[in-house]
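Numbering (the working numbering), first residue to last: 7 to 473.
Here a beta-carbon is modelled for each residue, glycine too, at the ideal position from N, C-alpha and C.
Only a predicted model underlies this, so the values are computations on that prediction, with no experimental measurement involved.
Data block below; observations after.
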Ligand SMILES: Cc1cc2nc3c(=O)[nH]c(=O)nc-3n(C[C@H](O)[C@H](O)[C@H](O)COP(=O)(O)OP(=O)(O)OC[C@H]3O[C@@H](n4cnc5c(N)ncnc54)[C@H](O)[C@@H]3O)c2cc1C
């Protein structure tokens, strides 16, 4: 029997496994995917948000605790646990030397990456390299790893973990860390959570999943049935508008289209529906998935002209291109009359001052609903481009309630040998909203805590057995 069983194979699970092993516990990690798909959503990431009081290696200036906290408070609308949020924030300032020790390398942010050079440390080689480094280090330290091992249930006694089952095999351990992601890959569950809208559509049927197909939420459902305390709203998720041509799973970062604030967004009927220039794109990119989800057919069309080219991260697929606006409407399959009315009204309403995409500039519309409050310039310079966008689910926030020791709760009482980390508990910190890079900050902080606590619980039990 192992001391610690870790369920999951992404960032949170790997941080837990490494910490438990470093604390002297024997560790078995069960990952549901085959080896070549290991790493869950973490393989798609690029950075983590880090607090720092002065410039630190790849991070410029300072990003103090209070500013990080205020950012989190703002995006969650206060729907966060301050104690746990501050714990994540503080941990984010000290975790990088440990990450480096396990082979993770950092690099400064590149131009066009949401202006994150002050707040976010980028992984060299992205999340895939991070995950590979952690697996390599775990293997070197003697962590046992099983792939193709989807856990479907746990054996619990009075809130204590006894064993987990995968493929019918029983895995007993003295303590366990649950780090098996959210339920974002489970289309049936998303359909049920989002329900049917007033047009009779099932919006979630048109969602794409930006990351892994393996986060089916099996253990969130199982733990709910076992009476674990649950936190979060099943419709709350990180949801971005992504290229409609993206694959159903694992499209990753390259399917994001960051041109929205440089142009206009239309729905299927050729009508605008939200202020594209409300705020800086890093603060707004994660609202557009939900906004598109509310539109008929759950589709939106980002329209730009040649002035926007070179000002946003180029998506992997080129946009649909045309030399005139009516031709673009036709090429996108949009109703030409409505499309032209919207574009003409918008162009006529633009009051162009000094365009500057790096500040909230004075280019805005007048007398238009909805207004475009910044970066409003007429769309009038051929060639024109259009991108069809769909809601892309990044990860869901429904999960297990926890505390500063990452313990799982049953009826308000903490388990003494069952812990949780990553997306499975992110809802404690993220009731709603998102600020770029905080997913990895949460997973790293809680993965490390969960691993340490699980090792402590397991080794205490072993010491009792000897005494
Ligand atoms: C395209 C994309 C880009 C992103 N970019 C960033 C970024 O730059 N910065 C950031 O902070 N966040 C980013 N995120 C969010 C980030 O990926 C998550 O917050 C973070 O990776 C969660 O880590 P985790 O370990 O909890 O989950 P995951 O990394 O998803 O790991 C969950 C693991 O559990 C396994 N699993 C699931 N069910 C079972 C089961 N029943 N039994 C066994 N194993 C199971 C899965 O196979 C997977 O390996 C991004 C997400 C996506 C999709």
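Could you tell me if residue i is buried or exposed, where buried requires 16 or more neighbouring beta carbons within 10 angstroms of its beta carbon?
i           : result
residue 84  : exposed
residue 154 : exposed
residue 40  : exposed
residue 19  : buried
residue 470 : exposed
residue 107 : exposed
residue 144 : buried
residue 302 : exposed
residue 551 : Since the first residue of the chain shown is 7 and the last is 473, residue 551 is not available in this structure.
residue 459 : buried
For residue i, list the residues DSSP reports as bridge partners.
i           : result
residue 69  : 58
residue 371 : 356
residue 244 : 401
Can you tell me which of the options puts its alpha carbon nearest to the alpha carbon of residue i?
i           : options               : result
residue 235 : 48, 406 and 449       : 406
residue 92  : 459, 466 and 451      : 451
residue 381 : 207, 106, 238 and 314 : 314
residue 428 : 28, 355, 184 and 82   : 184
residue 126 : 70, 164 and 90        : 70
residue 190 : 149, 244 and 175      : 244
residue 172 : 225, 128, 309 and 331 : 225
residue 66  : 462, 384, 460 and 115 : 115
residue 467 : 283, 180 and 420      : 180
residue 16  : 34, 137, 89 and 62    : 137
residue 464 : 168, 156 and 318      : 168
residue 89  : 421, 296, 354 and 408 : 408
residue 333 : 390, 366, 357 and 374 : 390
Beta-carbon separation of residue i and residue j under 9 Å?
i           : j           : result
residue 186 : residue 448 : no
residue 437 : residue 82  : yes
residue 457 : residue 27  : yes
residue 208 : residue 299 : no
residue 160 : residue 214 : no
residue 416 : residue 455 : no
residue 158 : residue 228 : yes
residue 271 : residue 278 : yes
Rounded to the nearest angstrom, what separates residue i and residue j at their Cα positions?
i           : j           : result
residue 132 : residue 123 : 15 Å
residue 431 : residue 74  : 20 Å
residue 100 : residue 275 : 50 Å
residue 119 : residue 7   : Its pLDDT being 49, under 50, residue 119 is placed unreliably in this model, and the coordinates cannot settle the point.
residue 162 : residue 393 : 50 Å
residue 252 : residue 305 : 13 Å
residue 210 : residue 47  : 19 Å
residue 177 : residue 242 : 33 Å
residue 104 : residue 148 : 18 Å
residue 410 : residue 87  : 10 Å
residue 150 : residue 35  : 6 Å
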